[in-house]
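Q: Quick one: the structure is below, questions incoming.
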Amino acid sequence: MGNIIDGKGMSEDLQERIKEEASMFTREHGRPPGLAVIVVGDDPASKVYVRNKEKACERAGIISFNYRLSSDKTHDEVVRLIKELNLRNDVDGILVQLPLPSHLDADQVLMTIDPSKDVDGFHPYNLGRLLMGLPTVIPCTPQGIMYMLRASGIDPDGKDAVVIGRSNIVGKPVATLLTLSHATVTICHSHTKDLDDKVKAADILISAVGKPRMVKGEWIKQGAVVIDVGITRDKDGKLTGDVDFDVARKRASLITPVPGGVGPMTIAMLLMNTITLAKGHVS
Ligand code: NAD
1 MGNIIDGKGM
11 SEDLQERIKE
21 EASMFTREHG
31 RPPGLAVIVV
41 GDDPASKVYV
51 RNKEKACERA
61 GIISFNYRLS
71 SDKTHDEVVR
81 LIKELNLRND
91 VDGILVQLPL
101 PSHLDADQVL
111 MTIDPSKDVD
121 GFHPYNLGRL
131 LMGLPTVIPC
141 TPQGIMYMLR
151 ASGIDPDGKD
161 AVVIGRSNIV
171 GKPVATLLTL
181 SHATVTICHS
191 HTKDLDDKVK
201 AADILISAVG
211 KPRMVKGEWI
221 KQGAVVIDVG
231 ITRDKDGKLT
241 GDVDFDVARK
251 RASLITPVPG
261 GVGPMTIAML
271 LMNTITLAKG
281 HVS
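For the sequence shown, this note's numbering gives the first residue as 1, with consecutive numbering after it.
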């Protein structure tokens, strides 16, 4: 694989370990760890993501409780379901697949999840703890990115890191985690001027935008570590990252592919968070 970070392989190894942990949990507590997955509406990409998450749960010995709600569900109906799940002893984690239909306020919905069941770590309580550097549920994609860096022998301490994207689910939490790991972090976004100059200075580049090949290979600093979170289909229908991979890989010391990089790690972290929450509920 040369300088390619094999997220798929790393995720498979991790999922084997998670399976052992899930089986140990089931033996000790007489029930498997449980994850409730809620999808509202019929966004095709969400359906694929959710199916992959459910299949991964099944392989790992985690029970998933699946709720497919029609797009006309009201805020009160979705909240009522979450409140029921908050009270159930067999549910350790609750995941609401985003995006939600536009009539639902995602922030308000996510805030209804009991923070001790907030498997994605999107509740303000958990995001606040993350910002403070306190133990918490870490959002899956940023956690997967940090895992890949560590597993590849990259220590962010003292490095110049550039994060492109400032969403609550990827950009901001990964920038926080890098800061907590003592990197010097620049956050870039849609209003950033001279993005190419910022990228050219990055020892570690994390791109989470969702625009195919917007990061030019020539921008990559020689020897940089490149983590490409973006997943979009290009005009030929091919899954593509934010980074112009073919040119970038010649300059990077390490780079993640799309697909097969960050995506599989996100799933592994979801399973890991479910087990961690389950252990917290029974201790
Ligand atoms: P988002 O739309 O919430 O955020 C995109 C960010 O990109 C914004 O902060 C915006 O300011 C920034 N941006 C837009 N245009 C830009 C430009 N020209 N220059 C610089 N910054 C620009 O998206 P998100 O939810 O953070 O996801 C980002 C991408 O990552 C998407 O492709 C998504 O599918 C992918 N994603 C992948 C995984 C995974 O597991 N692999 C998980 C989450 C998201």
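Cβ atoms here follow ideal geometry from the backbone N, Cα and C, with glycine treated the same way.
State yes or no: is the C-beta of V163 nearer than 7 Å to some heavy atom of ligand 1?
A: Residue mapping note: residue 163 aligns to position 163 of the sequence shown, counting from 1. No, ligand 1 has no heavy atom inside 7 Å of this Cβ.
Q: Relative to ligand 1, is the shortest distance from any of its heavy atoms to the C-beta of K211 smaller than 7 Å?
A: Position 211 of the sequence shown holds residue 211. Inclusion of K211 in the 7 Å shell around ligand 1 follows from its C-beta lying nearer than that to a non-hydrogen atom of the ligand.
Q: Quick one, which of Q108, P135, G133 and M132 has its alpha-carbon nearest H123's?
A: Position 123 of the sequence shown, counted from the start, is the residue given in the question as residue 123. Answer by Cα proximity: Q108.
Q: Locate the alpha helix (DSSP H) running through S11, then write down its first and last residues.
A: Your numbering for residue 11 matches position 11 in the sequence shown. It spans G7 to H29 - the alpha helix (DSSP H) in which S11 sits, taken as one unbroken run.
Q: Report the partner residues of D157 according to the DSSP bridge assignment.
A: The residue given as residue 157 occupies position 157 in the sequence shown. Partner(s): none; D157 has no beta bridge.
Q: Cα-Cα, which of K211, G261 and F65 is closest to L149?
A: Position 149 of the sequence shown, counted from the start, is the residue given in the question as residue 149. Of the candidates K211, G261 and F65, the one whose C-alpha sits nearest the C-alpha of L149 is G261.
Q: To the nearest angstrom, how far is it from the Cα of V247 to the Cα of K216?
A: Residue 247 sits at position 247 when you count from the first residue of the sequence shown. Residue 216 sits at position 216 when you count from the first residue of the sequence shown. Going from the Cα of V247 to the Cα of K216 covers about 8 Å.
Q: Taking the alpha-carbon positions, what's the K221 to I154 distance?
A: The sequence position of residue 221 within the sequence shown is 221, counting from 1. The sequence position of residue 154 within the sequence shown is 154, counting from 1. Roughly 16 Å between the two C-alpha positions.
Q: Keeping to the same chain, check which residues put their C-beta closer than 6 Å to that of R251; ignore five residues upstream and five downstream.
A: As a position in the sequence shown, residue 251 is number 251, starting the count at 1. Apart from the 5 residues on each side of it in sequence, R251 sits with its Cβ closer than 6 Å to the Cβ of I220 and Q222 in its chain, given in chain order.
Q: Evaluate N89 with the Cβ neighbour count: other Cβ atoms within 10 Å of its Cβ, from every protein chain shown; 16 or more gives buried, anything less gives exposed.
A: Reading the sequence shown from its first residue, position 89 is the one you call residue 89. The residue in question, N89, is exposed, as its Cβ has fewer than 16 Cβ neighbours within 10 Å.
Q: Between the region 266-282 and the region 12-19, do at least 3 Cβ pairs fall closer than 8 Å?
A: Contact between the region 266-282 and the region 12-19 is present, with at least three C-beta pairs closer than 8 Å.
Q: Using a Cβ distance threshold of 8 Å, determine whether the region 62-82 contacts the region 124-133, with at least three qualifying pairs required.
A: no
Q: Among residues of its own chain, excluding the 5 on either side of A22, which ones have a beta-carbon nearer than 7 Å to its beta-carbon?
A: To locate residue 22, count along the sequence shown from 1; it is residue 22. If we look at A22 and ignore the five residues flanking it on each side, its Cβ neighbours are P32, P33, A60, G61, I62 and I275.
Q: Spell out whether any CB of chain E is found under 8 Å from the CB atom of D160.
A: Absent from the structure is chain E; it holds one protein chain and no more.
Q: Cutting at 7 Å between CB atoms, please list the residues of its own chain near A175, excluding the five before and the five after it.
A: Against the sequence shown, residue 175 aligns to sequence position 175. V163, V185 and I187.
Q: For D236, write down the residues that DSSP places opposite it in a beta bridge.
A: By 1-based counting over the sequence shown, the position of residue 236 is 236. Bridge partners of D236: none, in fact.
Q: For the putative contact between P156 and I231, defined by C-beta atoms under 8 Å, what is the C-beta separation to the nearest angstrom?
A: For the purposes of this step, residue 156 is taken as the residue at position 156 of the sequence shown. For the purposes of this step, residue 231 is taken as the residue at position 231 of the sequence shown. Taking 8 Å as the upper bound for CB-CB distance, P156 and I231 are not in contact here, some 23 Å apart.
Q: Start and end of the alpha helix (DSSP H) containing A248?
A: Residue numbering aside, residue 248 sits at position 248 when the sequence shown is read from its first letter. Start and end: F245 to R251.
Q: Given this structure, state the Cα-to-Cα distance separating P44 from Q97, to the nearest angstrom.
A: Taking the sequence shown and counting its residues from 1, the one referred to as residue 44 is at position 44. Taking the sequence shown and counting its residues from 1, the one referred to as residue 97 is at position 97. When rounded, the distance between both Cα atoms is 12 Å.
Q: According to DSSP, simplified to helix, strand and coil, what is D42?
A: Position 42 of the sequence shown, counted from the start, is the residue given in the question as residue 42. Looking at D42 - three-state DSSP - the assignment turns out to be coil, as it is neither helix nor strand.
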